[in-house]
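In order, the protein sequences belong to chains A and B.
So in the numbering used here, the last spot in the first sequence is 111, and the numbers never skip.
So in the numbering used here, the last spot in the second sequence is 1111, and the numbers never skip.
Glycine residues also receive a C-beta, built at the ideal position from the N, C-alpha and C atoms.
2 protein chains.
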Amino acid sequence: MGITKSEIFTETQNEIALLAKAFGHPARVAIIQYLFKINACVCGDLVNEIGLAQPTISQHLKELKQLGIIKGTVEGTSVCYCIDQTKWQTIKEVLGSFLDMDNCNANTSCC
Amino acid sequence: MGITKSEIFTETQNEIALLAKAFGHPARVAIIQYLFKINACVCGDLVNEIGLAQPTISQHLKELKQLGIIKGTVEGTSVCYCIDQTKWQTIKEVLGSFLDMDNCNANTSCC
DNA sequence: TATATTAATCGTAATATTGCAATATATAAA
DNA sequence: TTTATATATTGCAATATTACGATTAATATA
């Protein structure tokens, strides 16, 4: 096993899980925070900022890129990475409405 | 390797990552959605609702319980699981402010 | 063209996650 | 006490993730 049975869940459930998974590693959280902070960056900065080896950072960047959370444009020998603002809004909506689930039914707790 | 270097990240970064990781599997997303929907539940219901074996569900419930996201009280031979509303508010604040990062600096995008 | 710089990719080791069958545990009912 | 029911735990196989050294690819500069 070791493989997630995505086919038995709804599209929304899988989307929430995929996005949450992207934020499920502190290095990727740190990368995103740094990109927001300086609003543009090259991979080398991140290697210095975060204490992980260059291939490791590159791998995390790839994951974020594959999900469309960040985008990178080549600038000479380096790459300028930044947050995809449009995608970020979508993520906020998807995860935001998931987190806001407690407002949908004004119930009292059971236990 | 295969082990996350938590010690090089801030407490907040690790907290965000841990919480996000909890939502990083569609089964756990589905469990949480179901618990919110019916606002009280036993494990057996979840096994029927979600198409995974009983030990698998039990394992996912354990993870959510360890993080304090859900709590369970024994009722006869079954266990009543439900969302910890207080913890949920904390989660909303932690992840919410992470997602709201784009509002902190009114920058324009770089790329 | 040769060399330096930067980031991506490859290969691999260590560890984590997912899933389930089998079993154990705990309580309720007969 | 025996039996049924519900959930937890154990053990294990398959796969995924994390991390990094070595290498490659691509561009800039001397």
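**Request:** Check the C-beta distance from B/Pro1026 over to A/Ser78 and give it rounded, since I have them as a contact under 8 Å.
**Result:** Counted from its first residue, the second sequence places residue 1026 of chain B at position 26. Counted from its first residue, the first sequence places residue 78 of chain A at position 78. 37 Å between Cβ atoms; not a contact.
**Request:** Closer than 6 Å by C-beta to A/Gln54: which residues in its own chain qualify, once you throw out the five before and the five after it? Chain order, please.
**Result:** The residue you call residue 54 of chain A lines up with position 54 of the first sequence. Excluding positions up to five away in sequence, the list reads Val47.
**Prompt:** Once you ignore the five residues that flank B/Cys1110 on each side, which residues in its own chain have a CB closer than 7 Å to its CB?
**Reply:** Looking up residue 1110 of chain B in the second sequence gives position 110. For B/Cys1110, the predicted model reports a pLDDT of 42, less than 50, meaning its position is unreliable; a value from the coordinates is still stated below. Within the same chain, B/Cys1110 has no close Cβ partners at all.
**Prompt:** Does the beta carbon of B/Pro1055 come closer than 8 Å to any beta carbon on chain A?
**Reply:** Position 55 of the second sequence, counted from the start, is the residue given in the question as residue 1055 of chain B. So, not an interface residue.
**Message:** Only counting the same chain, and skipping five residues up and downstream in sequence, which positions put a Cβ closer than 7 Å to that of B/Leu1052?
**Reply:** In the second sequence, counting from the first residue as 1, residue 1052 of chain B sits at position 52. So the qualifying residues of the chain are Ala1027.
**Asked** Which runs of the alpha helix (DSSP H), 4 residues or longer, sit entirely within the segment 1007-1059 of chain B?
**Response** 1011-1022, 1026-1038 and 1043-1049
**Request:** Flag B/Lys1062 as yes if its beta-carbon sits less than 8 Å from any beta-carbon of chain A, otherwise no.
**Result:** Here the question's residue 1062 of chain B lines up with position 62 in the second sequence. Not an interface residue.
**Request:** Taking A/Ile91 as the query, report the chain B residues whose CB atoms sit under 8 Å from its CB, ordered along the chain.
**Result:** In the first sequence, residue 91 of chain A corresponds to position 91, counting from 1. Leu1099, listed in chain order.
**A/Thr73: first and last residue of the uninterrupted beta strand (DSSP E) it sits in** = Your numbering for residue 73 of chain A matches position 73 in the first sequence. Per DSSP, A/Thr73 belongs to the beta strand (DSSP E) from Ile70 to Glu75.
**Prompt:** Can you name, in chain order, every residue of its own chain whose Cβ lies under 7 Å from the Cβ of A/Phe98, other than the five neighbours on each side?
**Reply:** Working through the first sequence from its first residue, we reach residue 98 of chain A at position 98. Contacts found: Ile16.
**Request:** Would you kindly work out how many angstroms separate the C-alpha atoms of B/Thr1108 and B/Tyr1081, rounded to a whole number?
**Result:** As a first step, residue 1108 of chain B is located in the second sequence; it is residue number 108 there, counting from the start. As a first step, residue 1081 of chain B is located in the second sequence; it is residue number 81 there, counting from the start. Caution applies to B/Thr1108, whose pLDDT of 45 falls short of 50 and renders its modelled position unreliable; the model cannot decide the point.
**Asked** Looking at C-beta atoms only, is the number of pairs between the segment 63-79 of chain A and the segment 1029-1049 of chain B that lie closer than 8 Å three or more?
**Response** no
**Request:** Taking the CB atoms as reference points, tell me whether A/Gly96 and B/Lys1021 lie closer together than 8 Å.
**Result:** Here residue 96 of chain A is taken as the residue at index 96 of the first sequence, counted from 1. Here residue 1021 of chain B is taken as the residue at index 21 of the second sequence, counted from 1. No; because the gap between Cβ atoms is not below 8 Å, this pair is not in contact.
**Item:** Listed by chain order, chain A residues near B/Asp963 by CB distance under 7 Å
**Value:** This structure cannot settle anything about residue 963 of chain B, because the visible part of chain B is limited to 1001 through 1111.
**Item:** Terminal residues of the beta strand (DSSP E) in which A/Ile83 lies
**Value:** For the purposes of this step, residue 83 of chain A is taken as residue 83 along the first sequence, with counting starting at 1. From DSSP, the beta strand (DSSP E) with A/Ile83 extends over Ser78 to Ile83.
**Asked** If you run the structure through DSSP and keep just helix, strand and coil, what is A/Thr86?
**Response** Counting from 1 along the first sequence, the entry for residue 86 of chain A is found at position 86. Helix at A/Thr86.
**Prompt:** Quick one, which of B/Glu1049, B/Ile1038, B/Glu1011 and B/Gln1085 has its alpha-carbon nearest A/Ile8's?
**Reply:** Within the first sequence, numbered from 1, the residue matching residue 8 of chain A stands at position 8. Of B/Glu1049, B/Ile1038, B/Glu1011 and B/Gln1085, the residue nearest in Cα terms is B/Glu1049.
**Prompt:** Helix, strand or coil: how does DSSP classify B/Leu1067 here?
**Reply:** Taking the first residue of the second sequence as position 1, residue 1067 of chain B is located at position 67. Of the three classes helix, strand and coil, the one that applies to B/Leu1067 here is coil, per DSSP.
**Prompt:** Any C-beta of chain B sitting closer than 8 Å to the C-beta of A/Ser112?
**Reply:** Absent from the structure is residue 112 of chain A, since the part of chain A shown begins at 1 and ends at 111.
**Request:** Go ahead and label B/Gln1013 buried or exposed: buried means 16 or more other beta carbons lie within 10 angstroms of its beta carbon, across all protein chains shown.
**Result:** Indexing the second sequence from 1 puts residue 1013 of chain B at position 13. Looking at its Cβ environment, which holds 16 or more other Cβ atoms inside 10 Å, B/Gln1013 is buried.
**Prompt:** When DSSP labels each residue in this structure, what does B/Met1001 get in the three-state scheme?
**Reply:** Translated into the one-based positions of the second sequence, residue 1001 of chain B becomes position 1. Three-state DSSP puts B/Met1001 in coil, outside helix and strand.
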